[in-house]
Amino acid sequence: MTLNCKHVWAQISSYIDGSVTPEMKQDIERHLAHCRYCSAVLDSTRNILVLVGDDRTFELPVGYSKRLHDRLQASMDSADSTS
Amino acid sequence: MADKDGKQAAITAEIAAREAAIIARILAGERELFHELIRPYERGLYLAAFSVVQHEADAEDIAQDAVIKAYKGLKNFRGEARFSTWLMAITLNEARSRWRKTNGEQLDFLSDGDDSGGDYTPSVLADWRYIPSEELERKELRQALQQAIAKLSPEYREVLILRDVRGMSIAETAEATGVNEGLVKVRLFRARITMQKMLAPQLGPRQRGFMGWLTRKAGGR
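So, in structure tokens, the structure goes:
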């Protein structure tokens, strides 16, 4: 099947996840081979997702882990003292 | 691909078996082990809560409430889902409930209320200059990404954070969010396309000025 750009865009998320059928994958790749616009859409989407997924993008509040375990411990201790 | 999936399944099964053994010991009285059980997931819990409420102190509070709730309800964990998915579902429920209290809105996280509207077409570019992860050292790039995510609606942010930031599978994301896999895929598609649409024009090659602006802002480094 010959895909147009809109067909490719509709499949981009599934293509990135590797969840399209082998036939669809082949059709998409055939389209990408000659369409610089869809290639740029795919490259930019993938690149943005890599950046979003990087640990540096979202930092945890300083002391988060310690406060979490302290509060958990306090809750465990109080459950013990009341049981 | 099948080989990779097989390896992943083996790792997942190994983690599940190890966690089941730890949970059994906790329930038998070694309660301190619960700290170790949740340690690998701390970051994810905060990010999941933050993805919904978009407020640091609230997200931290929600993560704390969720682990306490999980500890108290550990005997109810049946092992049908992964422990991490179960913990994530508790966190998201806490976060959604907090979000509703603050916003006073009845956003239904479990159904798709946005069938009709929305233009989910990407920003079309002639080419793309790859941005290496090292560029994240620049605060302005991190902020651009954070601001784009903040603009997504909460139910789209959730799936983007679980799948693309935490690396959970579609099935695990569905289980943690309480919606079916089909809806997870729809939301993920919309979230990803919207991110591309917001960020590609800002970060893309025709706007080399943005990177130039970053460089100037960083003192010409």
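Residue numbers (the working numbering), protein chains in the order written: chain S, 1 to 83; chain B, 1 to 221.
All C-beta atoms in this analysis are idealised placements derived from N, C-alpha and C, irrespective of residue type, glycine included.
Please report the Cβ distance between V184 (chain B) and A200 (chain B), rounded to the nearest whole angstrom; I am assuming they are in contact, meaning their Cβ atoms lie under 8 Å. What you label residue 184 (chain B) is simply residue 184 of the second sequence in a count that begins at 1. What you label residue 200 (chain B) is simply residue 200 of the second sequence in a count that begins at 1. Not a contact, Cβ separation roughly 24 Å.
Can L51 (chain S) and S133 (chain B) be called in contact, C-beta distance under 8 Å? Here residue 51 (chain S) refers to the residue found at position 51 of the first sequence. Here residue 133 (chain B) refers to the residue found at position 133 of the second sequence. Result yes, Cβ atoms of L51 (chain S) and S133 (chain B) sit closer than 8 Å.
Using only the alpha-carbon positions, how far apart do W213 (chain B) and P61 (chain S) sit? Sequence index remark: in the second sequence, residue 213 (chain B) carries index 213 (1-based). Sequence index remark: in the first sequence, residue 61 (chain S) carries index 61 (1-based). Per-residue confidence for W213 (chain B) stands at a pLDDT of 47, beneath the threshold of 50, marking its modelled position as unreliable; the derived number appears in the next sentence. Cα to Cα, W213 (chain B) sits roughly 28 Å from P61 (chain S).
Cβ of W86 (chain B) less than 8 Å from any chain S Cβ? Start at 1 with the first residue of the second sequence, and residue 86 (chain B) comes out as number 86. W86 (chain B) does not count as touching chain S.
Under 8 Å, do L47 (chain B) and I131 (chain B) count as touching if we go by C-beta distance? For this step, residue 47 (chain B) is matched to residue 47 along the second sequence. For this step, residue 131 (chain B) is matched to residue 131 along the second sequence. Taking 8 Å as the Cβ cut-off, L47 (chain B) and I131 (chain B) do not qualify as a contacting pair.
Please report the distance separating the alpha-carbon of S75 (chain S) from that of I68 (chain B). If you number the first sequence from 1, residue 75 (chain S) lands on position 75. If you number the second sequence from 1, residue 68 (chain B) lands on position 68. Cα to Cα, S75 (chain S) sits roughly 7 Å from I68 (chain B).
Segment limits, alpha helix (DSSP H) that includes V50 (chain S): To locate residue 50 (chain S), count along the first sequence from 1; it is residue 50. 36 to 53 is the extent of the alpha helix (DSSP H) around V50 (chain S).
In this structure, does DSSP put R208 (chain B) in helix, strand or coil? To locate residue 208 (chain B), count along the second sequence from 1; it is residue 208. Because the pLDDT of R208 (chain B) is 46, which lies under 50, any placement of that residue in the model is unreliable, and the number read from its coordinates should be weighed accordingly. R208 (chain B): helix per DSSP, three-state reduction.
Min CB distance I22 (chain B) to chain S below 8 Å: In the second sequence, counting from the first residue as 1, residue 22 (chain B) sits at position 22. So no, I22 (chain B) is outside the interface.
Assuming the contact rule is C-beta atoms closer than 8 Å, E181 (chain B) and A171 (chain B) should be a hit. Round their C-beta distance to whole Å, please. The residue labelled residue 181 (chain B) in the question sits at position 181 within the second sequence. The residue labelled residue 171 (chain B) in the question sits at position 171 within the second sequence. Sure, about 6 Å apart at Cβ, within 8 Å.
Tell me whether R30 (chain S) is buried or exposed, calling it buried when 16 or more other Cβ atoms sit within 10 Å of its Cβ. Position 30 of the first sequence, counting from 1, holds the residue named residue 30 (chain S). The residue is exposed, with fewer than 16 neighbouring Cβ atoms inside 10 Å.
Check H55 (chain B) in the structure and name its three-state DSSP category. The sequence position of residue 55 (chain B) within the second sequence is 55, counting from 1. Three-state DSSP puts H55 (chain B) in coil, outside helix and strand.
So T57 (chain S) contacts chain B; which residues on that side make the cut at Cβ distance below 9 Å? Here the question's residue 57 (chain S) lines up with position 57 in the first sequence. Residues of chain B passing the Cβ test: L136, L141, R142, L145, Q146, I149, V165.
Any beta carbon from chain B within less than 8 Å of I28 (chain S)'s own beta carbon? Taking the first residue of the first sequence as 1, we reach residue 28 (chain S) at position 28. Not one chain B Cβ lies under 8 Å of I28 (chain S).
Are the CB atoms of Q196 (chain B) and I48 (chain S) within a distance shorter than 8 Å? As a working mapping, residue 48 (chain S) is identified with position 48 in the first sequence. As a working mapping, residue 196 (chain B) is identified with position 196 in the second sequence. It is a contact, given that the beta carbons lie within the stated cut-off.
For V159 (chain B) and R187 (chain B), the rounded distance between their alpha carbons: Taking the first residue of the second sequence as position 1, residue 187 (chain B) is located at position 187. Taking the first residue of the second sequence as position 1, residue 159 (chain B) is located at position 159. Cα to Cα, the separation comes out at about 7 Å.
Starting from Y37 (chain S), find everything on chain B with Cβ-Cβ shorter than 8 Å and list it in chain order. Residue mapping note: residue 37 (chain S) aligns to position 37 of the first sequence, counting from 1. Neighbours of Y37 (chain S) on chain B, chain order: V124, L125, A126.
Can you tell which of B:I15, B:A148, B:R129, B:A10 has its C-alpha closest to the C-alpha of G79 (chain B)? Stepping through the second sequence from its first residue, residue 79 (chain B) is reached at position 79. Of the listed residues, the one whose Cα sits closest to G79 (chain B) is B:I15.
Given Q11 (chain S), which residues of its chain have a CB within under 7 Å of its CB, disregarding the five upstream and five downstream residues? As a first step, residue 11 (chain S) is located in the first sequence; it is residue number 11 there, counting from the start. Closer than 7 Å at the Cβ level, and outside the excluded window around Q11 (chain S), lie V20, M24, I28.
Would A49 (chain B) and A57 (chain B) be called neighbours here (beta carbons separated by less than 8 Å)? Working through the second sequence from its first residue, we reach residue 49 (chain B) at position 49. Working through the second sequence from its first residue, we reach residue 57 (chain B) at position 57. No, these two residues do not count as a Cβ contact at 8 Å.
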